[in-house]
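Everything on this sheet refers to the single structure shown next.
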Amino acid sequence: MSVLIFSESYDNSTNAVINYLNEFDIPVVRFNTDLNNDNLCYIKTIDNEFDIKFRLRNKIYSIRDFKLIWARRGFFKFKMPDLCNEFKYSGIENVFQSHIQTEINYLKFFLEYIVENTSSYCIGNPSLYNINKLIVLDKAMQHGLNIPNTCVTKEASFIKEIINEKEEVISKPISNCLNYFIPENEILITQGNITKSLDDIKNEKFNYSLFQNTINIKFELRIFFIMDKYFSAMIVKDKNDPNKKRMMPYKIPNSISDKLKLLMADLQLNTGSIDMLVDENLIYYFLEVNPCGQIEWLSEYCFPNLHYDIATILKKKYETEKSRI
């Protein structure tokens with residue numbers, strides 16, 4: 000029995016955690032989603048249950064071979080098949096491409112469902128990699144957490160309802176940031192957060208976007224969690240150089256951490272990274288959660304034993320699941 004880890008080849012944190020798991024003599028199978036396409040062999044029913052068979056490095060595995068899965072990042076991927084010439088030149092190529100993509104999406108959804116409901120214990124949830132930001136914000140408020148004043152609109156006139164005329168507003172993607180690389184031109188197109196005044200945008204045309212009022216920040220918080228273990232870092236701007244930031248471990252008040260734990264349980268997340276802000280009046284604001292999480296820089300600047308701690312958590316869970324066989 001092994002631990003199955005979904006990750007990407009360039010994720011150094013996965014490398015570090017696997018090194019510790021090797022020291023613990025725990026067998027690991029790593030599935031790098033960026034290097035593997037169309038690895039699914041088949042899905043079929045066995046003993047009145049669905050099973051997944053996939054190929055990795057010329058070896059075929061069953062999802063039942065694993066009692067612990069760490070969905071660090073990535074999952075099964077599928078290439079869009081080439082359409083035969085009769086479709087390409089029939090004038091309905093786009094219709095068939097759209098249909099095939101829908102079929103692939105349904106298949107991926109089912110694979111996520113099987114992995115989440117298999118006998119294996121999952122840390123991380125592939126179906127929630129792209130969790131809905133607006134639902135997260137709503138649930139955060141339900142659990143008593145503050146969020147910045149928020150508005151989703153495509154008309155600038157409505158934005159002033161959440162901010163004062165002299166305040167700035169932050170524009171964010173409703174989903175994930177857009178990252179698009181054009182290799183032949185070596186151009187990377189990104190879409191991230193944009194801070195502007197109301198005057199800057201009132202004459203602009205834009206699609207539905209997420210807007211939040213800016214907060215007078217005392218410090219930022221980056222919180223990585225796995226199972227019930229939380230690692231929190233405070234980020235403070237350098238007084239002498241605003242472009243520089245200092246990072247240090249930070250103890251979150253129990254009143255905040257208790258609400259975060261309830262929120263993550265409600266979202267069915269047992270690992271990820273949380274972004275928060277604390278204003279000059281020490282009011283805590285929840286911004287978002289990234290289910291994949293940022294680990295490497297936290298380990299470098301604040302928690303030098305973080306990768307060891309993660310490996311230890313995986314080891315304990317692996318041993319617990321193994322003892323149930």
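If you count by numbering that gives the first Met the number 0, then the sequence shown holds residues 0 to 324, one letter each, in order. Even glycine gets a Cβ: it sits at the ideal position worked out from N, Cα and C.
May I ask you to check if the CB of residue 140 is nearer than 7 Å to at least one heavy atom of the ligand FMN?
The ligand FMN is absent from the structure shown, which contains no ligands of any kind.
Let's test the definition: count the other Cβ atoms within 10 Å of the Cβ of residue 184 and tell me whether it reaches 16, buried, or not, exposed.
Confidence at residue 184 is low in this model, with a pLDDT of 49, below 50, so its placement is unreliable and the value that follows should be read with caution. The residue is exposed, with fewer than 16 neighbouring Cβ atoms inside 10 Å.
My assumption, with CB atoms under 8 Å, is that residue 97 sits in contact with residue 62. Please give the rounded CB distance.
That belief does not hold up - the Cβ atoms of residue 97 and residue 62 are roughly 29 Å apart, past 8 Å.
DSSP three-state label for residue 317, please.
helix
Roughly how many angstroms lie between the CA atoms of residue 236 and residue 92, to the nearest whole one?
53 Å
Residue 99, enclosing alpha helix (DSSP H) - first and last residue
92-116
From 310, 270, 282 and 285, residue whose alpha carbon lies closest to that of residue 292
270
Using the three-state DSSP reduction, which class does residue 265 fall into: helix, strand or coil?
helix
At 3 residues or longer, what runs of the beta strand (DSSP E) sit wholly inside the segment 209-251?
216-225, 228-236 and 244-248
Assigned secondary structure, residue 173 (DSSP; H/G/I helix, E/B strand, else coil)
coil
Distance between residue 103 and residue 283 (C-alpha atoms, nearest Å):
41 Å
For residue 210 and residue 168, believed in contact at Cβ under 8 Å, the rounded distance
5 Å
Contact between the segment 17-24 and the segment 54-68: three or more CB pairs below 8 Å?
no
I believe residue 248 touches residue 285 by the beta-carbon criterion, under 8 Å. Please report the beta-carbon distance rounded to the nearest angstrom.
At roughly 20 Å, the Cβ-Cβ gap does not stay under 8 Å, so residue 248 and residue 285 are not in contact.
Any contact between the segment 28-37 and the segment 5-13? By contact I mean 3 or more CB pairs, one from each, below 8 Å.
yes
Can you tell me which of the three DSSP states residue 187 falls into?
Low confidence applies here, because residue 187 scores a pLDDT of 46, under 50, leaving its location unreliable; read the following figure in that light. Three-state result, residue 187: strand.
Pick from 295, 321, 320 and 77: whose alpha carbon is nearest that of residue 309?
295
Please name the residue, chosen from 58, 281, 266 and 268, that lies closest to residue 251 on a Cα-to-Cα basis.
281
In whole angstroms, what separates the C-alpha of residue 139 from that of residue 3?
31 Å
Simplified DSSP assignment, three categories, for residue 10:
coil
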